[in-house]
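Those protein sequences? They're chains R and Z, same order as listed.
According to UniProt numbering, the first sequence is numbered sequentially starting from 1.
According to UniProt numbering, the second sequence is numbered sequentially starting from 1.
Cβ atoms here follow ideal geometry from the backbone N, Cα and C, with glycine treated the same way.
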Amino acid sequence: MKDGAHWGAIPRAVPFFRPAGGGIMQAMTNSPASGETPVLALDQIVKEFPGVRALDGVQLALYPGEVTALIGENGAGKSTIVKILTGIYQPDGGDIRLDGAPVRFPTAQAAADAGVTAIHQETVLFDELSVAENIFLGHAPKGKFGLIDTARMKREARAILDGIGASMDVDVRLRDLGIASKHLVAISRALSIEARVVIMDEPTAALSQKEIEELYELVDQLKAQGKAILFISHKFDEIFRIADRYTVFRDGQFVAAGKMAEIDEAQLVQMMVGRAVDQIFPKRAARIGDEVLKVVGYSHPTEFEDINFSLKRGEILGFYGLVGAGRSEFMQSLIGITKPSKGVARVAGDIRVIRSPADAIDAGIVYVPEDRGKQGAITTMPIFQNVTLPSLGKTSKNGFIRLAEEFALAREYTQRLDLRAASLDTPVGSLSGGNQQKVVIAKWLATQPKVIILDEPTKGIDIGSKAAVHDFMSELAGQGLSVIMVSSEIPEILGMSDRVIVMREGRMVAELAGDDLTPETLVRHAAGIGSKGEAA
Amino acid sequence: MSFLKSREAILTGAIVALLALVATRYGAFIRPANLAAVFNDTSPLIILALGQMVVILTRCIDLSVAANLALTGMVCAMLNVAMPGLPIGVILVVALALGAALGAINGLLVWKLDIPPIVVTLGTMTIFRGVIFLLSDGQWVNSHEMSASFTGFARHVILGLPVLSWIAILVALVMLVVMTRTPMGRALYAVGGNPHAAVYTGINVGRSQFIAFVISGMLAGLCGYLWIARYAVAYVDIAGGFELDVVAACVIGGISIAGGIGTVGGAILGALFLGIIKNALPVVDISPFWQLAISGAAIIIAVLFNARADRTKGRVILKSAEVTQ
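If you want it as structure tokens, here you go:
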């Protein structure tokens, strides 16, 4: 977005991640190297959310001077463990030991005081504050009367920035920096609080190759200072380049941990996805009919490029990829939220120009977004008004809504989804999450679409509801509706899809069906290790 | 729905209690003739509150309504002075059209330039007043300059009520139908309830907000003529500060400032509540300071009420609680 504009502001000649020769770094190079005693150890950690056990007795150990890579699919529990480590969530069971002594992190401040700091994929810094203020927010050096000693704060910020080879002005506001520089500020902040444990949550997601290299060097420095680093990444090349140890989670459970030197890519992939695909997916063989939708050359200047596929009646087409691969962005373009720079969509053979969601609805393409709370239901409105909102044309005559017809339509589709509510007058906000989702799906089915796009249809819902959603998808396909399912869950993709398109970095990298459709091929294509794997 | 109705029932109860309280001190206040007079006096507030309601429903606010009223009123008055023979029908059309055009300026700035509505309407509020000054040169248009039919229209009594009151009733009925029975009304609620979801549903959020401002402006323009005609005078500062009464009426009437919640009935009751306070307190000898304080307290109590009501509408996570609903 706007950050793109700021790239130009970064003086290219300055190597941001250049390790500094002198300063505080040199003094620290003789600190302890790697040891066999973890700084921070988590054991039997359990975290439950209503209906979901996000973490089920996991363990994780972080060693001084070593990088531990945390590996797992989406939904494996990686971000939950980060939130527990940083005091945002409280575990429901298990213990955390710092230097062997049990600790608790009831608040984010407590975690920070214990020396645990996190650098997030989207840095959680303050755009309107200066670099120095960001580095020292919450623990600024105090002078007389307890006021902030600005001069000292700037001096110390300067020293830390120099230490990591960052040249930006400490007075500049953060909003004027690019993403790479913001990361440096986040890292400086981590250094300023004497961090012992540094968590890096997909730190390279927004960086260029050169900046990534510089980040690696910085990580090496942090290691040399004896800091324990937890490194979360989906990119295998990165993990093998930088990590000393690995820990694999799957579905909230601990799978394995060990040293990187003793494992190869194939084994790691196996551990990530290796569960037997034993969950029952009620995919029935649907009669696949004629082509309903054909997308040719859909491109967007920054988000995706050259998307081509065709979709047939009764087919379920899976879209797999890592978060940020551009799947949702493409879908939003297909339904007219954003404009593609080029590309054509044909619905049932006719070229349809889709410039707005209303055009998409007209063309028979509907989208059930991933963030259903924010983008799905209108919680202040009653159930029946939510269901009929995109179909009011059908229930109106001469510009006036006919309430009896409106109610009939709402009743028909809520019954079809087996939505149990006292009354269709009930505001949607008072329903449970699962029922809100039913309202949203009923809303789209009531428009009688040809193609329904379901973006992460089972994200964040419990196993029982998942089965119901899968069953329902199968039923829709059986009735001749074409379904596009965007999902990051491999079992779901494998169990439900007739065909799968894999996207990586905004491009279609594979189209898989039949015997080619295995967990390994999906992960290899999505993570971009396909060619290397074949060569090995 | 039943919930919203009960909110209006509470407000109706409060109005009845207020009238009863006033009647103990001054019995003549609740005579039908006086109540009709109070209603007539509150009619402009009702009309403006209905327009403001539409804007607030879409998560915007229109602070320029009183200035729009004054500007449109001045234009109507000057038109009448220049062309005394112009039929009232034409004056009404001019008032509606000019008001709508002024509202459209607000709407376009919010829609196309994405400027926060409070900033836009704060700006246009001042600009509209400035334009009145330019047009009138700061001069008043007095009753002797206006034609008898121009000033007489609003006061003409039909079936016991002045035309002004009838227009308020008519506007209320039209708005009731528009808000509950047309796709456009539904879209306005949807935009305020959840703009993100509204976009996915094929509703153009900016355009809906534009429409809301046009409606609000149109009703302000209509009030402009009616106001000038009723008081038979037009000048720069007419209805100064009245926009705050209008917003207050909406808030008291249960229109959520956060958007998406509110009804035509609520806006009318909110306006009536405020109108009764303003008319009743002087006759029962309450000092002007207390009148303001009581109006202010009513607003805060109403907001507290609505905030509490919104809280209970939170998510129900427990399955057992869901069944009992």
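Exercise. Counting pairs of Cβ atoms below 8 angstroms between the stretch 179-196 of chain Z and the stretch 375-383 of chain R, do you hit three or more?
Worked result: Judged by pairs of C-beta atoms under 8 angstroms, the stretch 179-196 of chain Z touches the stretch 375-383 of chain R, as three or more such pairs exist.
For this session: Take Thr518(R) and list the residues in its own chain whose beta-carbon comes closer than 6 angstroms to its own, dropping the five residues that flank it on each side.
Result: Closer than 6 angstroms at Cβ, skipping near neighbours: no residue.
Problem set entry | Proximity to Leu417(R) [Cα-Cα], best of Pro369(R), Tyr367(R), Lys394(R) and Leu476(R) | When C-alpha distances from Leu417(R) are compared across Pro369(R), Tyr367(R), Lys394(R) and Leu476(R), the shortest belongs to Leu476(R).
Exercise. If you pair each beta-carbon of the stretch 72-88 of chain Z with each one of the stretch 201-210 of chain Z, do three or more pairs fall below 8 angstroms?
Worked result: Touching, no.
Exercise. Is the beta carbon of Ile164(R) less than 8 angstroms from the beta carbon of Ser188(R)?
Worked result: Ile164(R) places its beta carbon less than 8 angstroms from that of Ser188(R).
For this session: Within the stretch 200-258 of chain Z, note down every full alpha helix (DSSP H) run reaching 4 residues or more, in order along the chain.
Result: DSSP runs (the alpha helix (DSSP H)) wholly in the stretch 200-258 of chain Z: 205-231 and 242-252.
For this session: Pick out the complete alpha helix (DSSP H) segments inside the stretch 476-504 of chain R, 4 residues or longer, and give them in chain order.
Result: Counting only runs of 4 or more, we get 490-496.
For this session: With DSSP as the reference, label Gly65(R) as helix, strand or coil.
Result: Three-state result, Gly65(R): coil.
Exercise. What residues from chain R crowd round Ala302(Z), counting only those whose CB sits closer than 8 angstroms?
Worked result: Correct list: empty, because the minimum Cβ distance to chain R is about 18 angstroms.
Problem set entry | Under 9 angstroms from the C-beta of Ala198(Z): neighbouring residues of chain R | Near Ala198(Z) (Cβ distances below 9 angstroms), the residues of chain R are Ile378 and Leu389.
Problem set entry | Members of the stretch 199-218 of chain Z that neighbour chain R once the beta carbon cut-off is set at 8 angstroms | Per Cβ criterion, the list reads Val199, Tyr200, Thr201, Gly202, Ile203 and Asn204.
Exercise. Looking at the structure shown, is Asp62(Z) part of a helix, part of a strand, or coil, going by DSSP?
Worked result: Note: Asp62(Z) maps to coil in three-state DSSP.
Problem set entry | Three-state secondary structure (DSSP) of Ala257(R) | DSSP places Ala257(R) within a strand segment (E or B) once states are collapsed to three.
Exercise. Who are the neighbours of Ser356(R) on chain Z, taking C-beta pairs under 8 angstroms?
Worked result: Going along chain Z in sequence order, the residues near Ser356(R) (Cβ under 8 angstroms) are Gly202 and Asn204.
Problem set entry | Contact set between the stretch 328-340 of chain R and chain Z, restricted to residues whose Cβ is under 8 angstroms from the partner | Along the stretch 328-340 of chain R, going in chain order, the ones with a CB nearer than 8 angstroms to a CB of chain Z are Ile335 and Ile337.
Problem set entry | Where Gly27(Z) sits in the DSSP three-state scheme | Note: Gly27(Z) maps to helix in three-state DSSP.
Exercise. Quick one, which of Gly506(R), Gly72(R), Ser488(R) and Gly480(R) has its alpha-carbon nearest Gln267(R)'s?
Worked result: Taking only the C-alpha atoms, the option nearest Gln267(R) is Gly72(R).
For this session: Can you give me the start and stop residues for the beta strand (DSSP E) that Met200(R) sits inside?
Result: Counting along the chain, the unbroken beta strand (DSSP E) around Met200(R) starts and ends at Val197 to Asp201.
For this session: Give a yes or no on whether the minimum CB-CB distance between Pro369(R) and chain Z is below 8 angstroms.
Result: Answer yes: the Cβ-Cβ gap between Pro369(R) and chain Z drops below 8 angstroms somewhere.
Exercise. Taking the beta strand (DSSP E) that Pro183(Z) falls in, what are its first and last residues?
Worked result: Unbroken run through Pro183(Z) is the alpha helix (DSSP H), Pro183 to Gly193; no beta strand (DSSP E).
For this session: Spatial neighbours of residue 540(R) within its chain, please: CB distance less than 8 angstroms, with the 5 preceding and 5 following residues excluded, ordered by chain position.
Result: Because chain R here runs from 1 to 536, residue 540(R) falls outside it and cannot be looked at.
Exercise. Taking Cβ-Cβ distances below 8 angstroms as the criterion, which residues of the stretch 85-102 of chain R are in contact with chain Z?
Worked result: Of all residues in the stretch 85-102 of chain R, none has a Cβ within less than 8 angstroms of some Cβ in chain Z.
For this session: Would you give the residue range spanned by the alpha helix (DSSP H) that Phe126(R) belongs to?
Result: For Phe126(R), there is no enclosing alpha helix (DSSP H), as DSSP marks it with neither H nor E.
Exercise. Can you list, in chain order, the residues of its chain whose CB lies under 6 angstroms from that of Ala195(R), leaving out five sequence neighbours each side?
Worked result: Only residues of its own chain outside the window of five on either side were considered, and among them Gly115 and Thr117 have a CB closer than 6 angstroms to the CB of Ala195(R), listed in chain order.
Exercise. So which residues on chain R does Pro183(Z) lean against when the C-beta distance must stay under 8 angstroms?
Worked result: What Pro183(Z) touches in chain R: Leu392, Gly393, Ser396, Gly399 and Ile401.
Exercise. Alpha carbon to alpha carbon, what distance is there between Ile276(Z) and Val38(Z)?
Worked result: If you take the alpha carbons of Val38(Z) and Ile276(Z), they lie about 7 angstroms apart.
Exercise. Can you tell me whether DSSP reads Val116(R) as helix, strand or coil?
Worked result: Shown here, Val116(R) sits in a strand according to DSSP, grouped into three states.
For this session: Kindly indicate the opening and closing residues of the beta strand (DSSP E) around Gly343(R).
Result: Here the beta strand (DSSP E) through Gly343(R) covers Lys342 to Val347.
For this session: Use the C-beta contact count for Trp290(Z): other C-beta atoms within 10 angstroms, 16 or more gives buried, fewer gives exposed.
Result: It is exposed - the Cβ of Trp290(Z) has fewer than 16 other Cβ atoms within 10 Å.
Exercise. Taking Ile96(R) as the reference, which of Gly57(R), Ser391(R), Glu489(R) and Glu66(R) has the closest Cα?
Worked result: Checked all of Gly57(R), Ser391(R), Glu489(R) and Glu66(R); the closest Cα to Ile96(R) is Gly57(R).
Problem set entry | Exposed unless 16 or more other CB atoms sit within 10 angstroms - verdict on Leu215(R) | Under this definition Leu215(R) is a buried residue.
For this session: Let me know if Glu156(R) comes out buried or exposed under the rule of 16 or more other beta-carbons within 10 Å of its beta-carbon.
Result: It counts as buried.
Exercise. Does the beta-carbon distance from Leu454(R) to Met473(R) come in below 8 angstroms?
Worked result: Taking 8 angstroms as the Cβ cut-off, Leu454(R) and Met473(R) qualify as a contacting pair.
Exercise. Are the C-beta atoms of Ile160(R) and some chain Z residue less than 8 angstroms apart?
Worked result: At a cut-off of 8 angstroms between beta carbons, Ile160(R) makes no contact with chain Z.
Problem set entry | Outcome for Glu305(R) when other beta-carbon atoms lying within 10 angstroms are tallied against a minimum of 16 | It is buried - the Cβ of Glu305(R) has at least 16 other Cβ atoms within 10 Å.
Exercise. What do you reckon, are the CB atoms on Phe319(R) and Ile441(R) nearer than 8 angstroms?
Worked result: Taking 8 angstroms as the Cβ cut-off, Phe319(R) and Ile441(R) do not qualify as a contacting pair.
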